[in-house]
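Enquirer: Each residue of the sequence shown is one higher than the one before, counting from 5 in my numbering.
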Amino acid sequence: MSQSSAANSAAPKLLQFRYAMFPEKARWALDLCGINYHSQAILPGPHVPILAIKAQQKTVPVLQTADGTFKSSSQIVEWASKQQPELKLYGESAQQREAIQAHISYFDDIGAHARRAYFNALLQDTRYAADLFSSGYSPKAQAVYRASFPMIKGVMKIDMNIWPKAIAKSLSKTEEALDRVAELSQQTGYLVGSRFTAADLTAATVLGVCVLPDEYPVSVPQPRPAALQAWQKRWENHPGAAWVKHIYQQHRPKPLAIGGL
Ligand SMILES: N[C@@H](CCC(=O)N[C@@H](CS)C(=O)NCC(=O)O)C(=O)O
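#1: Could you give the uninterrupted runs of the alpha helix (DSSP H) lying entirely in the region 62–131, keeping only those of 4 residues or more?
#2: Determine the burial state of Trp239: buried for a count of at least 16 other Cβ atoms within 10 Å of its Cβ, exposed for fewer.
#3: Do Val66 and ligand 1 come close, with the Cβ less than 6 angstroms from some heavy atom?
#4: Going by DSSP, what residue range makes up the beta strand (DSSP E) through Leu19?
#5: Alpha carbon to alpha carbon, what distance is there between Leu67 and Ala133?
#6: Please work out which residues of its chain come closer than 6 angstroms, Cβ to Cβ, to Leu205, disregarding the five sequence neighbours upstream and downstream, and give them in chain order.
#7: Under the DSSP definition of a beta bridge, which residues are partnered with Ile262?
#8: Whole-angstrom Cβ separation of His42 and Ala14, contact assumed at under 8 angstroms?
#9: How would you write the range of the alpha helix (DSSP H) that Arg31 sits in, first residue to last?
#10: In angstroms with no decimal places, state the Cα-to-Cα distance between Gln100 and Ser109.
#11: Mind checking Arg310: buried by the 16 CB within 10 Å criterion, or exposed?
#12: Let me check understanding here. Comparing Cα to Cα, which of Ser85, Ala121, Lys62, Lys86 lies closest to Lys75?
#13: DSSP three-state call for Phe200: helix, strand or coil?
#14: Between the Cα of Gln20 and those of Ala45, Gly38, Gly115, Cys37, spot the shortest distance and give me the residue it belongs to.
#15: Just to confirm before moving on: does the CB-CB distance between Leu260 and Asp35 stay below 7 angstroms?
#16: Glu180 to Cys214, Cα distance in whole Å?
#17: Less than 7 angstroms separating the beta-carbons of Thr178 and Ala118?
#18: Am I right that Met264 and Ser152 are in contact with their C-beta atoms under 8 angstroms? What's the rounded C-beta distance?
#19: So which of Val52, Phe26, Ile114, Gly197 has the shortest CA-CA distance to Lys173?
#20: If you scan the region 151–208 from start to end, which runs of the alpha helix (DSSP H) of 4 or more residues do you find wholly inside it?
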């Protein structure tokens, strides 16, 4: 076995959705920390039985490494940062670490709100949503997915509570979070201290749905449908959205997935 194929076979494996915020948070950390990994992309919907067998849970990301299996995005970011300590993703002091952890926990919670509000716009065009989630799959797999998507969409709405009252609350929580990043980053451009940390990475990934940044490493079908264009427009003049855009431009490296995402 050549050196590079030996290194490849030892590389961690990431179970993930191609198009989703918490897998993106994990990928960003792996890419930033210079870790090559194998991606196993799963489609939302059929993921439930697959993940039950492979990871005994129903959410992604899951990272399988020689050090063990990590079953949430925050665990993966923490493991990745230990492989590249000089990046100081958890800050330069105990005090910064505490502040960063508090931001991660807040923005992880915001993720569910931003996702609900965004999915409300995305799911209005059933065909577009199906093609977005299955982007990169074979035409045959895409056609099967498209045909079953009306049912998957119904389950998603129930599972993520995508109904008017919850959507209204989630919209205001999302706006609050954008206000927060705009305010906190005023002095240095970052949420904690004067360099990029896991707090910025988490905030930018969960609020990325408000911006739909060009640097997001999965290509999406174009043009976006009217409801998504209106969603993007809703946030386009918000200083928090400008911050997310800037963080993606400055700090999102190219993916290191072996053989692609
Ligand atoms: N706290 C978890 C949340 C993971 C999560 O919500 N993942 C979503 C994708 S963004 C998921 O797998 N949803 C599928 C489901 O809940 O069935 C983490 O940070 O990893």
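Note that beta-carbon positions come from the ideal geometry of N, C-alpha and C, so glycine has one too. From a predicted model like this one, the values you see are computed outputs, not experimental measurements.
Expert: For this structure:
#1: 77–87, 98–126
#2: On the sequence shown, position 235 is the one that residue 239 refers to. Buried, because 16 or more other Cβ atoms sit within 10 Å of the Cβ of Trp239.
#3: Counted from its first residue, the sequence shown places residue 66 at position 62. Checking the Cβ of Val66 against ligand 1 gives no.
#4: On the sequence shown, residue 19 is found 15 positions in, with the first residue counted as 1. Run containing Leu19: 17–20, per the beta strand (DSSP E) assignment.
#5: As a working note, residue 133 is residue 129 in the sequence shown. As a working note, residue 67 is residue 63 in the sequence shown. Ala133 and Leu67: Cα-Cα distance of roughly 26 angstroms.
#6: On the sequence shown, residue 205 is found 201 positions in, with the first residue counted as 1. Trp32.
#7: Here residue 262 is taken as the residue at index 258 of the sequence shown, counted from 1. Beta-bridge pairing links Ile262 to His42.
#8: Working through the sequence shown from its first residue, we reach residue 42 at position 38. Working through the sequence shown from its first residue, we reach residue 14 at position 10. That pair is no contact at about 10 angstroms.
#9: The residue given as residue 31 occupies position 27 in the sequence shown. It spans 25–36 - the alpha helix (DSSP H) in which Arg31 sits, taken as one unbroken run.
#10: Reading the sequence shown from its first residue, position 96 is the one you call residue 100. Reading the sequence shown from its first residue, position 105 is the one you call residue 109. If you take the alpha carbons of Gln100 and Ser109, they lie about 14 angstroms apart.
#11: With the chain covering only 5 through 265, there is no way to say anything about residue 310.
#12: In the sequence shown, counting from the first residue as 1, residue 75 sits at position 71. If we check each option's Cα against that of Lys75, Lys62 comes out closest.
#13: The residue given as residue 200 occupies position 196 in the sequence shown. Coil at Phe200, not helix or strand.
#14: For the purposes of this step, residue 20 is identified with residue 16 of the sequence shown, where counting begins at 1. Checked all of Ala45, Gly38, Gly115, Cys37; the closest Cα to Gln20 is Ala45.
#15: The residue given as residue 260 occupies position 256 in the sequence shown. The residue given as residue 35 occupies position 31 in the sequence shown. Yes.
#16: Residue mapping note: residue 180 aligns to position 176 of the sequence shown, counting from 1. Residue mapping note: residue 214 aligns to position 210 of the sequence shown, counting from 1. If I take the Cα positions, the gap works out to 13 angstroms.
#17: The residue labelled residue 178 in the question sits at position 174 within the sequence shown. The residue labelled residue 118 in the question sits at position 114 within the sequence shown. Cβ atoms of Thr178 and Ala118: closer than 7 angstroms.
#18: For the purposes of this step, residue 264 is taken as residue 260 along the sequence shown, with counting starting at 1. For the purposes of this step, residue 152 is taken as residue 148 along the sequence shown, with counting starting at 1. The residue you asked about is not Met; residue 264 is Gly in the sequence shown. Contact doesn't hold; Cβ gap of about 25 angstroms is too wide.
#19: Reading the sequence shown from its first residue, position 169 is the one you call residue 173. Nearest option by C-alpha distance: Ile114.
#20: 168–188
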